[in-house]
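Okay, so here's the structure we're looking at.
In my numbering, the protein residues as written are 591 to 752.
Next up, the structure:
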């Protein structure tokens with residue numbers, strides 16, 4: 591009994607061959623090249639072991655960590671690097687908080703983020719974007735001119751929020 595009759599008996603189904611490349615331009619050339627390729631000698635490649643696969647993946651991960659992505663918002667030279675700002679540690683910490691959005695006023699209450707009221711406006715919660723909006727600055731100013739942003743925040747008494 592051949593395979594097709596066995597399949598038919600087991601599955602109650604039919605096998606029907608439908609040519610998919612009928613009347614396509616240059617199909618005959620592609621078919622002849624494919625047939626030619628199957629007659630060429632094939633190089634035998636042994637399957638990789640687990641350790642070889644692991645070491646290749648580990649090397650790929652290490653390379654990706656050494657060469658971080660080139661996004662406009664990604665200003666680090668490597669993993670764990672910070673913004674390049676020549677200031678004291680307190681100012682660097684304030685800029686890092688402002689950049690990451692982890693302000694001093696952030697509190698978690700029953701799983702929700704809550705913020706204190708802005709000391710300048712006394713109306714709106716001081717979310718991570720609000721201190722910049724309050725003094726008419728944008729996030730790119732923080733990345734391009736961190737010293738200017740810091741001076742503006744100090745002049746407007748917003749350092750206690752950051």
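Here a beta-carbon is modelled for each residue, glycine too, at the ideal position from N, C-alpha and C.
Pair within 8 Å by beta-carbon distance, residue i and residue j
| i | j | result |
| --- | --- | --- |
| residue 725 | residue 743 | yes |
| residue 556 | residue 732 | In the structure as shown, the chain starts at 591 and stops at 752, and residue 556 therefore has no counterpart that could be examined. |
For residue i, the first and last residue of its enclosing beta strand (DSSP E)
| i | result |
| --- | --- |
| residue 704 | 702-704 |
| residue 718 | From DSSP, residue 718 is part of no beta strand (DSSP E); its letter is neither H nor E. |
Close-in-space but distant-in-sequence residues of the same chain around residue i (CB under 6 Å, 5 per side omitted)
| i | result |
| --- | --- |
| residue 600 | none |
| residue 668 | Unreliable placement is indicated for residue 668, whose pLDDT of 44 sits below 50; the coordinate value is still reported in the next sentence. Excluding sequence neighbours, residue 668 sits near nothing in its chain. |
| residue 631 | none |
Length of the line joining the Cα atoms of residue i and residue j
| i | j | result |
| --- | --- | --- |
| residue 758 | residue 655 | Nothing in the structure corresponds to residue 758, since the chain is present only between 591 and 752. |
| residue 719 | residue 691 | 7 Å |
| residue 624 | residue 618 | 10 Å |
| residue 620 | residue 636 | 29 Å |
| residue 699 | residue 721 | 21 Å |
| residue 688 | residue 734 | 14 Å |
| residue 628 | residue 646 | 30 Å |
| residue 683 | residue 701 | 25 Å |
| residue 644 | residue 634 | 22 Å |
| residue 670 | residue 714 | Since pLDDT at residue 670 reaches only 40, below the 50 mark, its modelled position is unreliable, and the value read off the structure follows with that caveat. Between residue 670 and residue 714, the C-alpha separation is close to 33 Å. |
| residue 614 | residue 595 | 33 Å |
| residue 716 | residue 657 | 35 Å |
| residue 639 | residue 626 | 32 Å |
Neighbourhood of residue i by C-beta, 7 Å cutoff - its chain only, sequence neighbours within 5 removed
| i | result |
| --- | --- |
| residue 696 | 703 and 705 |
| residue 547 | No statement about residue 547 is possible, as the shown extent of the chain runs from 591 to 752 and does not include it. |
| residue 592 | none |
| residue 729 | 722 |
Spatial neighbours of residue i in its chain, beta-carbon cut-off 8 Å, leaving aside the 5 residues before and after
| i | result |
| --- | --- |
| residue 745 | none |
Start and end residues, alpha helix (DSSP H) containing residue i
| i | result |
| --- | --- |
| residue 679 | 679-690 |
| residue 698 | First-last for residue 698: 697-699, but that is the beta strand (DSSP E), not the alpha helix (DSSP H). |
| residue 653 | 640-656 |
| residue 738 | 736-745 |
| residue 709 | Premise fails: residue 709 is in no alpha helix (DSSP H) and is neither H nor E. |
For this session: Taking 8 Å as the threshold, find out whether the region 648-655 comes into contact with the region 709-725 through three or more Cβ pairs.
Result: No: the two stretches stay apart, fewer than three of their Cβ pairs being nearer than 8 Å.
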